[in-house]
Structures are given as structure tokens and as C-alpha cells.
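What follows is a single structure, written as C-alpha cells, with notes after it.
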Amino acid sequence: MDNAFFSRFHPRVIGVLRRDREFWLSQSKDGRTASYESTSLRNFMFVTCGAGTVTVNGALHPLSVGSVFYFPYRSKCQVAYTSEQPMQFYSVHYDYKLIEWDGSSVTCLDPQENSLPLPIVTQVSEIESFAVQMKRLYDLWQQKDADYEWQARLLFLGIVDEVRKLYAQKNEGDLVRRAIVKTMDYIKHHYAEPLEREELAEVAALSMSYFSVMFKKVAGCTPTQYITKIRLDKARQLLQTSSLTVSEVAREVGFQDPLYFARVFASHTGMPPREYRKA
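This is the structure:
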């Protein structure tokens, strides 16, 4: 699971549609297929009724109620229904950028890959719950009340995140991923102590170079960045809930140099620790 991708994923919803019999009749003479030589829009879909198939660049995938599927950008795709009744589904047209933020500056990147780091088809387990979320998104888009685009983005992000989690759960048996998750838990319990990469690689039982590569792939950041995030989260809690001095807070969360702690804290939160305490 490429969490580094999803930590930068910034979508924009272009349209939300409900596809039914009229859609199929408008697509082909037989009224059962929709073909695209090269998809011009990114499309994310959820099947609510019927069954069918989606073929992407020659690879065929079955669809049924509860299937989430998408068209990779600029790909040859065909979707068809195989049930007696036309397959019905919600369709979200969207685009996205990849946003990188280091605390002081933002970089906006165009995606280099045509596909999301997800399977073309994912079968959800909680079909009713997922259907409710898709209907909420559809209704929100149709009503177009104040802030509907912002709310649609939030809903769509939540929906994509559910699919991401399902995919991650199905791959939970992967030994390397489990080793990295174990290391992340170790950091959460030992953040106040000095933590070296060699020690963390030992916890994961991986070589140092491979550990660093896989940690970023699973966690979405480097081990050092993750340690800093955990320490700063704990520091924020202490600043808000305790009477410890800034220097004492720094040492409590693993920073031996209070001045360095203050610089790191300010670069990540936008204000020094003392100001944050008053905010």
C-alpha cells in the first residue's frame, strides 16, 4: 500500500452521476456496453444493482453489487452489464494533484501515473454503508448548496480512504508491512528515548537500507519524520494540558536541546511553543 501517495492526494470532484438504463441506451446499439478508446476523465464508480464486467487495457474484471471500480486515465476501457436488468452505479468524475508540504512551503505536482495505487476493482464488505456514502455525495452534488464543492471533496476523500483501508487489510499478511507496523508501534511507546535507525531496523528485523525504503512506503514518511510527528503530537498535548515549562516538555518528548525543539515545533505548527500554549 503506497501511503506516501495518499498522504499527498488532493482531489477535485468534477461531477457525480447516477448511471441507469438511460445511460446504457445512450452508449451503444445493444444498450449493454459503454466503450472508451482513451478515457479523458478520471472516473470512480460503485455498483448498486445488477452485475457486469469492466475491461481495462484488455484485462477483464467481474463486477457485482458492492464493487468499487475506476478507469485509469487515458486507458482503453469497456464496461458492460451481464444481468437481466441494466447494471446501475454511481460515477464520480474527478481530477487530482499531489501536494507536498514541508511546514513552510507547498509544492503542487501533476500525477505521473495514470492509475491509482489500488486494484481496478475492490469489493466492499459493508455494502449498505458504502451505498449511503455514495448517495450522500450524489445528493450533495445535485443540490449544490453553499460549500458543496468543499463538502464533496471531503466525502470523496473519505470514500477513497475506505477503499484504501480495505485494500490494506487484504494485504495485512505481508510480513514486511507487519514488521513496519510493529516498528511504528515501538516508536509510539519509546518516542521519549533516543531512537536510531539501526535500532528500529533491528525491531523490524530488516536491513537498514531496506527498512528505510519500506518504512516510507508503508508510513508515508521517513522514520525520522515519523518520530518527529509523534514527538510533536505529544508536545502539543503537554503544552495544552500541563504546566510543564517548554524545556521540560522538550525533554519529556525526546528532545534534549530545548532550542532545537522550539525551532522544529515552530516549523511544523507555524508558531513557537509558548504562543501555541496561549492559542
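Under the numbering used here, the sequence shown has 44 at position 43, and the numbering climbs by one with no breaks. Just so it is clear, CB atoms sit at the ideal spot from N, CA and C, and this is done for glycine as well. All values reported here derive from a predicted model rather than from experimental measurement.
Exercise. Identify whether GLY159 lies in helix, strand or coil by the three-state DSSP scheme.
Key: Within the sequence shown, residue 159 is the residue found at index 158, counting from 1. Note: GLY159 maps to helix in three-state DSSP.
Quiz item: When you compare only the Cα positions, how much space is there between LEU176 and SER130?
Solution: Stepping through the sequence shown from its first residue, residue 176 is reached at position 175. Stepping through the sequence shown from its first residue, residue 130 is reached at position 129. Distance between the alpha carbons of LEU176 and SER130 is about 31 Å.
Quiz item: If you draw a straight line from the C-alpha of TYR192 to the C-alpha of GLN226, how long is it?
Solution: Taking the sequence shown and counting its residues from 1, one reaches residue 192 at position 191. Taking the sequence shown and counting its residues from 1, one reaches residue 226 at position 225. The straight-line gap separating the alpha-carbon atoms of TYR192 and GLN226 is approximately 12 Å.
Quiz item: Where do the N-terminal and C-terminal ends of the alpha helix (DSSP H) with GLN86 fall, by residue?
Solution: In the sequence shown, the residue the question calls residue 86 occupies position 85. Looking at the DSSP string, GLN86 is not in any alpha helix (DSSP H), and its letter there is neither H nor E.
Self-check item: Separation of CYS222 from ALA35, as counted between CA atoms
Solution: Position 34 of the sequence shown, counted from the start, is the residue given in the question as residue 35. Position 221 of the sequence shown, counted from the start, is the residue given in the question as residue 222. Going by the C-alpha atoms only, they are around 40 Å apart.
Quiz prompt | Alpha carbon of ASN44 to alpha carbon of THR184, nearest angstrom | solution = Against the sequence shown, residue 44 aligns to sequence position 43. Against the sequence shown, residue 184 aligns to sequence position 183. Taking the straight line from one Cα to the other gives about 36 Å.
Exercise. Please name the residue, chosen from ARG75, VAL80, SER68, that lies closest to THR54 on a Cα-to-Cα basis.
Key: For the purposes of this step, residue 54 is identified with residue 53 of the sequence shown, where counting begins at 1. Comparing Cα-Cα distances from THR54 to each of ARG75, VAL80, SER68, the minimum goes to VAL80.
Practice problem: Round the Cβ separation of TYR261 and THR270 to the nearest angstrom and send it over; I've been treating them as touching at under 8 Å. | Solution: Within the sequence shown, residue 261 is the residue found at index 260, counting from 1. Within the sequence shown, residue 270 is the residue found at index 269, counting from 1. At roughly 15 Å, the Cβ-Cβ gap does not stay under 8 Å, so TYR261 and THR270 are not in contact.
Practice problem: Along the beta strand (DSSP E) that carries LEU17, what are the first and last residues, could you check? | Solution: Counted from its first residue, the sequence shown places residue 17 at position 16. First, the amino acid is wrong: residue 17 is Val here, not Leu. From DSSP, the beta strand (DSSP E) with VAL17 extends over 10-20.
Exercise. Give every residue of the same chain whose Cβ lies closer than 7 Å to the Cβ of ARG275, excluding the five residues on either side of it in the sequence, and list them in chain order.
Key: Here residue 275 corresponds to residue number 274 of the sequence shown, with the count starting at 1. So the qualifying residues of the chain are VAL247.
Quiz prompt | Close beta carbons around LEU158, own chain, < 7 Å, minus the five adjacent residues each side | solution = Stepping through the sequence shown from its first residue, residue 158 is reached at position 157. The residues are PRO12.
Quiz item: Would ILE100 be called buried (16 or more neighbouring beta carbons within 10 Å of its own) or exposed?
Solution: For the purposes of this step, residue 100 is taken as residue 99 along the sequence shown, with counting starting at 1. Exposed.
Practice problem: Spell out the partners DSSP gives MET46 in its beta bridges. | Solution: As a first step, residue 46 must be located in the sequence shown, where it is residue number 45. PHE70, SER92.
Practice problem: Return the chain-ordered ranges of every alpha helix (DSSP H) run that is complete within the region 188-214 and spans a minimum of 4 residues. | Solution: 198-205
Exercise. State the start and end residues of the unbroken beta strand (DSSP E) segment that holds SER36.
Key: Position 35 of the sequence shown, counting from 1, holds the residue named residue 36. Start and end: 34-37.
Quiz item: Where does PRO120 sit, in a helix, a strand or coil, going by DSSP?
Solution: What you label residue 120 is simply residue 119 of the sequence shown in a count that begins at 1. The answer is coil: DSSP assigns PRO120 none of H, G, I, E or B.
Exercise. Identify every residue that forms a DSSP beta bridge with TRP151.
Key: In the sequence shown, counting from the first residue as 1, residue 151 sits at position 150. None, per the DSSP bridge assignment.
Quiz item: Looking at C-alpha atoms only, which residue of PHE6, HIS94, GLY59, PHE24 is the closest neighbour of GLY16?
Solution: On the sequence shown, position 15 is the one that residue 16 refers to. When each option's Cα is compared against that of GLY16, the closest is HIS94.
Quiz item: If we ignore side chains and look at the alpha-carbon of each, how far apart do LEU64 and VAL48 end up?
Solution: As a working mapping, residue 64 is identified with position 63 in the sequence shown. As a working mapping, residue 48 is identified with position 47 in the sequence shown. Cα to Cα, the separation comes out at about 8 Å.
Quiz item: Starting from ALA267 and walking both ways along the beta strand (DSSP E), at which residues does that stretch end?
Solution: Within the sequence shown, the letter at position 266 stands for residue 267. It is not in any beta strand (DSSP E) - ALA267 instead sits in the alpha helix (DSSP H) that spans 259-270.
Quiz item: Is the number of C-beta pairs between the region 103-111 and the region 140-156 that are closer than 8 Å three or more?
Solution: no
Exercise. Determine the DSSP secondary structure at PRO63, reduced to helix, strand or coil.
Key: Looking up residue 63 in the sequence shown gives position 62. Looking at PRO63 - three-state DSSP - the assignment turns out to be strand.
Self-check item: CB contact flag (PHE6, MET46, <7 Å)
Solution: As a first step, residue 6 is located in the sequence shown; it is residue number 5 there, counting from the start. As a first step, residue 46 is located in the sequence shown; it is residue number 45 there, counting from the start. No, these two residues do not count as a Cβ contact at 7 Å.
Quiz prompt | For LEU245, the three-state DSSP class (helix, strand or coil) | solution = In the sequence shown, residue 245 corresponds to position 244, counting from 1. In this structure, LEU245 counts as coil in the three-state DSSP scheme.
Practice problem: Name the one or two DSSP bridge partners that GLN79 has. | Solution: As a first step, residue 79 must be located in the sequence shown, where it is residue number 78. DSSP lists SER36, THR56 as the beta-bridge partner residues of GLN79.
Quiz prompt | For VAL133, the first and last residue of its enclosing alpha helix (DSSP H) | solution = Counting from one through the sequence shown, the residue named residue 133 turns up at place 132. From DSSP, the alpha helix (DSSP H) with VAL133 extends over 128-144.
Quiz item: ILE121 and HIS190: beta carbons closer than 7 Å?
Solution: In the sequence shown, residue 121 corresponds to position 120, counting from 1. In the sequence shown, residue 190 corresponds to position 189, counting from 1. Contact: no.
Practice problem: Please name the residue in LYS230, PHE256, ALA280 whose C-alpha comes closest to that of GLY104. | Solution: Numbered from 1 along the sequence shown, position 103 holds the residue referred to as residue 104. Looking at the Cα atoms, LYS230 is the closest of the given residues.
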